[in-house]
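Undergrad: This is the structure I want to talk about, given as structure tokens.
In the working numbering, the protein residues as written are 1182 to 1552.
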């Protein structure tokens, strides 16, 4: 299988918020290199969560001139860095002017006392790290508020400390899903349906095509596992890696899919997605994978009002257990072994978790789809 690399997908504010809220973390930090969209996403999140201004700090640079700091929402401005052509380039050629020690610290202290749960900083980088007083003010702010901040991806101790905190959901916009895999499970025999349900028409398209669309373009590797040659042919026509098999066990689909997905390199985690949930939304799939990337110590499940369902994200530490499942065991066996390490991502509606087992299920879904 050819490794397509990490797709050029960027999370929306809505998807990011759903993943963050599911994680149970206190702070949301957006990191990434220049041009990764940190500030754009930060502004979108602020607009999504509140119509009014947030307390905090905004900094911006003028190339060849300097860096300025503005207190939010008061609007006070001070120069915090001055361009020095003598410094080696092309980046990090600003020298601090004392603005972070003066207005910056005061702005963060006022933000800590402001009403509301949240404060915002755009951004935190090498220049900010040069002011110990400002760094301490950031930590104090995080003790009293939830912090939404853009953090430059630079190998500096304070930035590493921020992103590694246990109460932080850190979203790396350069690789938001990390090295993520996806196995679409399509090995059911369709006995209750009376035929191959995955190719049955829904809204003028094969049922399986909906899950293929909701998982498209998100994962470094995607594999479909099936016992049906016609289903395999449909996926291969779309360029999807397909494993066609005749093995009888529930665990065979999991093992074969995982083997194929990891055949050409390691993964940080893998989403196992049934092929018969046509109303599953792409944003929900992405939110699951975001949680998996940001909180890799947990298994993540889709849920509706606290009741768990599928799909399920399994982190790399669980791959050995999945591969060792006996013939009649499914992924639920691993879930039951680690109940304290299972997190839930709420779907947007109960319909996302609905699957098709019978022709009556398909008819009900068809009626709802047509409406």
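C-beta atoms are modelled at their ideal positions from N, C-alpha and C, and glycine is treated no differently. Source: prediction; values computed, not measured.
Tell me the DSSP secondary structure of residue 1421 in three-state form.
TA: Looking at residue 1421 - three-state DSSP - the assignment turns out to be coil, as it is neither helix nor strand.
Undergrad: Among 1381, 1396 and 1400, which has the Cα closest to the Cα of residue 1360?
TA: Closest by alpha carbon: 1400.
Undergrad: Select from 1351, 1397, 1428 and 1389 the residue whose C-alpha is nearest the C-alpha of residue 1413.
TA: Among 1351, 1397, 1428 and 1389, the Cα nearest to that of residue 1413 is on 1389.
Undergrad: Excluding sequence positions up to five away, which residues of its chain have a Cβ less than 8 Å from the Cβ of residue 1410?
TA: Excluding residues within five positions, the ones whose Cβ falls inside 8 Å are 1425.
Undergrad: To the nearest angstrom, how far is the alpha carbon of residue 1466 from that of residue 1269?
TA: Approximately 44 Å between the Cα atoms of the pair.
Undergrad: Does the distance between the C-beta of residue 1481 and the nearest non-hydrogen atom of the ligand FAD fall short of 7 Å?
TA: With respect to small molecules bound, the structure shown includes none, and the ligand FAD cannot be examined in it.
Undergrad: Would you call the region 1373-1390 and the region 1420-1437 in contact, with 3 or more CB pairs under 8 Å?
TA: As far as the Cβ criterion goes, the region 1373-1390 does not touch the region 1420-1437, which means the pair count is below three.
Undergrad: Jot down the residue ranges of each uninterrupted beta strand (DSSP E) in the region 1362-1392, minimum 3 residues, whole runs only, in chain order.
TA: Entirely contained in the region 1362-1392, not one beta strand (DSSP E) run reaches 3 residues.
Undergrad: What alpha helix (DSSP H) runs, 4 residues minimum, are completely inside the region 1481-1544?
TA: If we require 4 residues or more, the alpha helix (DSSP H) runs fully inside the region 1481-1544 come out as 1500-1504 and 1512-1518.
Undergrad: Please classify residue 1183 as buried or exposed, where buried requires at least 16 other C-beta atoms within 10 Å of its C-beta.
TA: Only weak support is given to the placement of residue 1183: the predicted model assigns it a pLDDT of 36, under 50, and the question is left unresolved by the model.
Undergrad: Output yes or no for whether 8 Å exceeds the beta carbon distance between residue 1336 and residue 1240.
TA: It is not a contact, given that the beta carbons lie outside the stated cut-off.
Undergrad: Counting only runs of 4+ residues fully inside the region 1272-1302, write out the alpha helix (DSSP H) ranges in chain order.
TA: Listed in chain order, the complete alpha helix (DSSP H) runs (minimum 4 residues) inside the region 1272-1302 are 1286-1294.
Undergrad: Per DSSP, what kind of secondary structure is residue 1215 in: helix, strand or coil?
TA: Three-state DSSP puts residue 1215 in coil, outside helix and strand.
Undergrad: List the whole-angstrom C-beta distance separating residue 1243 from residue 1218, where the pair is believed to meet the contact cut-off of C-beta under 8 Å.
TA: The pair is not a contact, with the Cβ atoms about 21 Å apart (cut-off 8 Å).
Undergrad: Can you tell me the Cα-Cα spacing of residue 1225 and residue 1305, whole angstroms?
TA: Approximately 18 Å between the Cα atoms of the pair.
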